[in-house]
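Have a look at the structure below, then the notes.
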Amino acid sequence: MVEQILIDTDNFYVPDANQLVTEDDTPVDNFASEKQQRLLVGSLYSSLQNQTFLAAANVGVYYAYRKPPIVPDVLFSLDVQIPEKWWDKQNRCYMVWEFEKPPEVVMEIVSNKEGDELGKKLEIYEQMRASYYIVYDPNQQLGEQVIRIYELRGRRYFETSETWLEQVGLGLTLWSGAFEGRQDNWLRWCYQDGTILPTGDERAEEEKQRAEQEKQRAEQAEQRAQLLAERLRAMGIDPDSL
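See below:
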């Protein structure tokens, strides 16, 4: 239970972070969920380098006084950053009163039927007023839908089939491919044209391929120049004099 202890900050009372449980060392539940979480968080940091945001996996969110925290599998919050002194008690997790806003996106990855993602968790995220709540159910534990997207309209969540999250300027898509050597179907962030946000490894591989293509084009150009020079010499023309 959260201790009901307050501190006065410029006449605005907030809970004392020293009395809150900011981490309990509970591990993630399976390899697949952990890898999916890292893919979603990592691709944001590798692709949105000129944007201010905070993305995290399995970090507690304190959203209201006298309420225990909730721990989304993934959270994404715009226009905020992890504080410089992140080991300080009040900076170890996402306290809405410290960041002065809830995350725009919270996600749950369903691994069994025990998480109540469509019940209690939905109610909590609605109360938190996160703009979007995403339920990713890769094994269809909760029904036929693999992705459920809830958008906050007024004070209530409404399920939508729109995968473009207008308020954060990103979309979501299912992608089949290899991530860290594991071939599977993955939930990925994407731009409006459907292009996925690459991970750091994918970006490095793209750069490597571009460098190889540039090298091949340079070699081909050199070969054409040598062939032309040989033809000119055969015609009695010194190519160096041209």
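Residue numbers (this note's numbering): 3 to 244.
Beta carbons are placed, not taken as given, at the ideal position from N, Cα and C, and that holds for glycine.
query: Among LEU174, SER49, GLY202 and PHE101, which has the Cα closest to the Cα of ILE136?
result: Along the sequence shown, one-based indexing puts residue 136 at 134. Selected option, being the one with the closest Cα: LEU174.
query: Straight-line CA distance for VAL63 to GLU224?
result: Locating residue 63 in the sequence shown gives position 61, where the first residue counts as 1. Locating residue 224 in the sequence shown gives position 222, where the first residue counts as 1. Whole-angstrom Cα-Cα distance: 59 Å.
task: Kindly list the residues whose CB is nearer than 6 Å to the CB of ASN32, restricted to its own chain and excluding five residues on each side of it in sequence; keep chain order.
output: In the sequence shown, counting from the first residue as 1, residue 32 sits at position 30. Within the same chain, ASN32 has close Cβ partners SER113.
task: Please report the residue range of the alpha helix (DSSP H) in which LEU77 lies.
output: As a first step, residue 77 must be located in the sequence shown, where it is residue number 75. No alpha helix (DSSP H) holds LEU77; the beta strand (DSSP E) holding it covers 76–80.
- request: Return no unless some Cβ of chain C is closer than 9 Å to the Cβ of GLY238.
  value: Protein chain content of the structure displayed is limited to a single chain, and chain C is not contained in it.
- request: Please list, in chain order, all residues of the same chain as GLN39 whose beta carbon is under 8 Å from its beta carbon, the five residues on each side excluded.
  value: Looking up residue 39 in the sequence shown gives position 37. So the qualifying residues of the chain are VAL30, ALA59, ASN60, ASP75, VAL76 and ILE111.
query: If we ignore side chains and look at the alpha-carbon of each, how far apart do GLU116 and LYS217 end up?
result: Locating residue 116 in the sequence shown gives position 114, where the first residue counts as 1. Locating residue 217 in the sequence shown gives position 215, where the first residue counts as 1. Distance between the alpha carbons of GLU116 and LYS217: 54 Å.
task: Note down, in chain order, each residue of its chain lying with its Cβ closer than 7 Å to the Cβ of TRP166, except the 5 sequence neighbours on either side.
output: Position 164 of the sequence shown holds residue 166. Closer than 7 Å at Cβ, skipping near neighbours: GLY173 and GLN194.
message: Between which residues of its own chain and ARG190 is the CB-CB distance below 6 Å, once the five residues before and five after are set aside?
response: For the purposes of this step, residue 190 is identified with residue 188 of the sequence shown, where counting begins at 1. Cβ within range, chain order: THR175, TRP177 and ILE198.
query: In terms of residue numbering, what span does the beta strand (DSSP E) encompassing PRO107 cover?
result: By one-based count along the sequence shown, residue 107 stands at place 105. The question names Pro, but residue 107 in the sequence shown is Val. First-last of the beta strand (DSSP E) with VAL107: 107–111.
field: Nearest neighbour of LYS103, chosen from ARG235, PHE55 and GLN142 [CA to CA]
entry: Reading the sequence shown from its first residue, position 101 is the one you call residue 103. Ranking the options by Cα distance to LYS103, first place goes to PHE55.
task: Specify the secondary structure class of ILE84 as computed by DSSP and reduced to three states.
output: Position 82 of the sequence shown holds residue 84. Three-state result, ILE84: coil.
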